[in-house]
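By our numbering, the letter at position 131 of the sequence shown is numbered 407, and the numbering carries on one by one without gaps.
Even for Gly, the Cβ is constructed at its ideal location relative to N, Cα and C.
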Amino acid sequence: MAEADEDVAALAEAAAEAAADDAEGGDDLGVKADAEPRDESADEQETEPASPEDDSADALALAQRAELLGPVTTKLGRALKRALRDDQNVLLDALRHSSGAPDLAVLLPEDQQLERISEATAVLLAEAWRVGHDWLGGGAPVPEDATKAGGRLALELAAEVTALLRHRLSEALSPLGEGADGSADAAGAAYREWRGSRVEGSAGDFATRAFCEGAITGGAGVTVRWVVDDDGQPCPDCDDNALAGAVAAGEEFPTGQLHPPVHPGCRCLLVAITS
277 MAEADEDVAA LAEAAAEAAA DDAEGGDDLG VKADAEPRDE SADEQETEPA
327 SPEDDSADAL ALAQRAELLG PVTTKLGRAL KRALRDDQNV LLDALRHSSG
377 APDLAVLLPE DQQLERISEA TAVLLAEAWR VGHDWLGGGA PVPEDATKAG
427 GRLALELAAE VTALLRHRLS EALSPLGEGA DGSADAAGAA YREWRGSRVE
477 GSAGDFATRA FCEGAITGGA GVTVRWVVDD DGQPCPDCDD NALAGAVAAG
527 EEFPTGQLHP PVHPGCRCLL VAITS
């Protein structure tokens, strides 16, 4: 009876969290709605300061990107949360019908988890890639190319989230012995960590990546420069890439990156040099 009460409580908690998720407004997850000029005075580099014209152009470009990509990023974050909520329900149901010490490989097969997350995010990542394709003047892409890119990025997103989540679930479930008392609570705690800021960060990272991959595909060879947008956090690699000046889209920047993001939370952008 105690185990059943625990399952009921866990499911009720998951339902409450689902309602809270669905009640969210149109907040931009990972892409700032208000793009302010970057404060160059915070950089400790002996370089020429950016001109007011450059700052204004950068702020405008970041605002335009936010307008294009923000809605897609928001939807991606919500889709990922729903996929994880479904994932949690599958695990809770498996725990309820299992006996003995919990075995994550049996309770929640990794291949099914990967498929669940990738299927939930592929269309939205394809949309982020498609939106980016025209950023440097590439025009609308072939639909099959966008679909293929979205599927590939969704599998990579699923692999990243699944690996980290399964590690956390293993840590939570492995100490539990026969009867699996407390397993629902342990699993719920692990999923709660992933349905908050971590999901939003991952959605923002992969939406940014999809947008930039689409941009350099559509604008291959266009002369671009790197605009830094790291939300005020220090990132020497991003700064070095910005200092490189003109680079052909699709070619490596000084630190080896072809495009943003360089690190979690990086929201840098490539813009075309038109003169």
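Spatial distance of residue i from residue j (CA atoms)
| i | j | result |
| --- | --- | --- |
| Ala-425 | Asp-515 | 28 Å |
| Leu-344 | Glu-386 | 34 Å |
| Glu-312 | Glu-436 | In this prediction, Glu-312 has a pLDDT of 42, which is less than 50 and means its spatial position is unreliable; what the coordinates show is noted afterwards. Whole-angstrom Cα-Cα distance: 31 Å. |
| Val-399 | Gly-427 | 8 Å |
| Arg-485 | Thr-349 | 11 Å |
| His-276 | Ala-335 | This structure cannot speak to residue 276, because the chain is shown only from 277 to 551. |
| Phe-482 | Ser-374 | 36 Å |
| Gly-346 | Thr-438 | 24 Å |
| Ala-434 | Ser-394 | 5 Å |
| Cys-488 | Ala-460 | 40 Å |
| Gly-526 | Asn-365 | 42 Å |
| Leu-384 | Ala-462 | 15 Å |
| Gly-480 | Ser-446 | 26 Å |
| Cys-511 | Leu-371 | 43 Å |
| Pro-378 | Val-498 | 54 Å |
| Ala-333 | Ala-422 | 29 Å |
| Gly-490 | Leu-546 | 11 Å |
| Arg-361 | Thr-550 | 46 Å |
| Ser-450 | Gly-464 | 15 Å |
| Ala-548 | Val-382 | 50 Å |
| Ala-524 | Leu-380 | 47 Å |
| Arg-471 | Ala-355 | 11 Å |
| Arg-406 | Asp-507 | 25 Å |
| Ala-286 | Lys-351 | Its pLDDT being 48, under 50, Ala-286 is placed unreliably by the model, and nothing is read from it. |
| Ala-342 | Asp-331 | 16 Å |
| Ala-466 | Pro-537 | 27 Å |
8 Å contact criterion, which residue i and residue j should meet: CB distance rounded
| i | j | result |
| --- | --- | --- |
| Asp-363 | Arg-392 | 6 Å |
| Arg-501 | Gly-521 | 6 Å |
| Gly-541 | Gln-509 | 7 Å |
| Ala-416 | Asp-410 | 7 Å |
| Ile-492 | His-535 | 5 Å |
| Leu-554 | Val-503 | Residue 554 is absent from the structure shown; the chain starts at 277 and stops at 551. |
| Gly-376 | Glu-476 | Going by Cβ atoms, the distance from Gly-376 to Glu-476 rounds to 36 Å, so no, they are not a contact pair. |
Minimum C-alpha distance to residue i - residue among the options
| i | options | result |
| --- | --- | --- |
| Asp-505 | Ala-518, Ala-416, Asp-421, Thr-349 | Ala-518 |
| Gln-340 | Gly-408, Thr-550, Gly-427 | Gly-408 |
| Leu-440 | Gln-389, Ala-416, Gly-490 | Gln-389 |
| Ala-404 | Val-366, Gly-472, Ala-430, Lys-357 | Ala-430 |
| Arg-468 | Ala-448, Gly-480, Ala-402 | Ala-448 |
| Ala-396 | Ala-359, Val-503, Pro-417, Leu-371 | Ala-359 |
| Ser-473 | Lys-357, Val-498, Gly-413 | Lys-357 |
| Ala-496 | Pro-378, Asp-507, Gly-413 | Gly-413 |
| Glu-432 | Glu-528, Ser-478, Val-547, Arg-361 | Ser-478 |
| Pro-419 | Leu-380, Ala-465, Gly-494 | Gly-494 |
| Asp-513 | Phe-529, Ala-466, Val-382, Leu-380 | Phe-529 |
Run of the beta strand (DSSP E) containing residue i, from where it starts to where it stops
| i | result |
| --- | --- |
| Trp-411 | No beta strand (DSSP E) contains Trp-411, which DSSP labels as neither H nor E. |
| Leu-546 | 545-548 |
Paired residues, beta bridge with residue i - DSSP
| i | result |
| --- | --- |
| Ala-524 | Thr-499 |
Residue i: CB within 7 Å of a non-hydrogen atom of the ligand FMN
| i | result |
| --- | --- |
| Leu-400 | In terms of ligand content, the structure shown is empty, and the ligand FMN therefore cannot be addressed. |
The alpha helix (DSSP H) enclosing residue i, as first and last residue numbers
| i | result |
| --- | --- |
| Ala-434 | 419-449 |
| Ala-515 | Inspection of the sequence shows that residue 515 is occupied by Asp rather than by Ala. Counting along the chain, the alpha helix (DSSP H) containing Asp-515 begins and ends at 512-519. |
| Ser-374 | Element bounds for Ser-374: n/a, residue is neither H nor E. |
| Val-475 | 473-494 |
| Asp-506 | Segment: none, Asp-506 is in no alpha helix (DSSP H) and carries neither H nor E. |
| Val-538 | That residue, Val-538, is in no alpha helix (DSSP H); it is neither H nor E in DSSP. |
| Leu-380 | 380-383 |
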